[in-house]
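One structure is given here, and the rest of the page talks about it.
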C-alpha cells in the first residue's frame, strides 16, 4: 500500500511540474521599427518598437520589453514578421504577459542613412545614458554626440526628461543631431 501511495504522489508531482506557462497562442503579423527606444519595467531596457495587425502602417508604435524568440534584430532595418503570439500564464510581477516567437520574416527594408528618429535618453528621472567608455545607451548603443556632448551631459544632470534626435551610424551606433 505504501508503494502505491508513493507512486500516486510521484505521478501527481510529475504532472503538476509540466511547463505550461503559455496558455493561448495565435499567429499575428508584426512590423518592427528600425531603431529601439528605452523603457522602464523591472529595470531599464532597450525596447523594440512594434506595430501589430491593424496598427501596421499607422504612426503609433508600442514598446516590446521582451525579445522576439528566434529573431535576430539588426538596427537600420524595418521588418515585417509573422509571429506566434502567446499569453504567458504566470508572468513576472512587472513583466510582459505576452511573448512572441518568430515564424518567418516576410520582408526586410533598409532605411535611408539620413533617416532621423528620437530616443528617450532620460525619462521620469531614469537616465539611460552610460559613460563607462564613451557615451552609450545602456552600454549597448554607442552615441556619437559630436559637439553636443556637453549640452547632453548638462541636460541629463538637470532635466527630468531628455530626448535625443539621432540618425544611424552603422554597425551599432547612432549620431546625436539635436537634444531636447
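In full-length UniProt numbering, the protein residues as written are 1 to 180.
Glycine included, every Cβ here is placed at the ideal spot set by N, Cα and C.
Please name the residue in 101, 155 and 56 whose C-alpha comes closest to that of residue 71.
Ranking 101, 155 and 56 by CA distance to the CA of residue 71 puts 101 first.
DSSP state of residue 72 mapped onto helix, strand, coil:
It is coil, neither helix nor strand.
By the three-class DSSP mapping on this structure, what secondary structure does residue 53 have?
It is helical.
Applying the criterion that 16 or more other CB atoms from any shown protein chain within 10 Å of the CB defines a buried residue, is residue 89 buried or exposed?
Label assigned to residue 89: exposed.
Residue 76: buried (16+ other C-beta within 10 angstroms of its C-beta) or exposed?
That one is buried.
Assumed close pair residue 188, residue 38 - CB separation to whole angstroms, cut-off 8 Å
This structure leaves residue 188 out entirely; the chain is present only between 1 and 180.
Residue(s) in a DSSP beta bridge with residue 108:
According to DSSP, residue pairing for residue 108 in a beta bridge involves 79.
Rounding to the nearest angstrom, what Cα-Cα distance links residue 107 and residue 34 in this structure?
Taking C-alpha positions only, residue 107 is separated from residue 34 by approximately 13 Å.
What separation, rounded to the nearest whole angstrom, lies between the Cα atoms of residue 22 and residue 28?
Reliability of the predicted coordinates at residue 22 is poor, the pLDDT of 43 falling under 50, and the value obtained from them is presented with this limitation in mind. C-alpha separation (whole angstroms): 16 Å.
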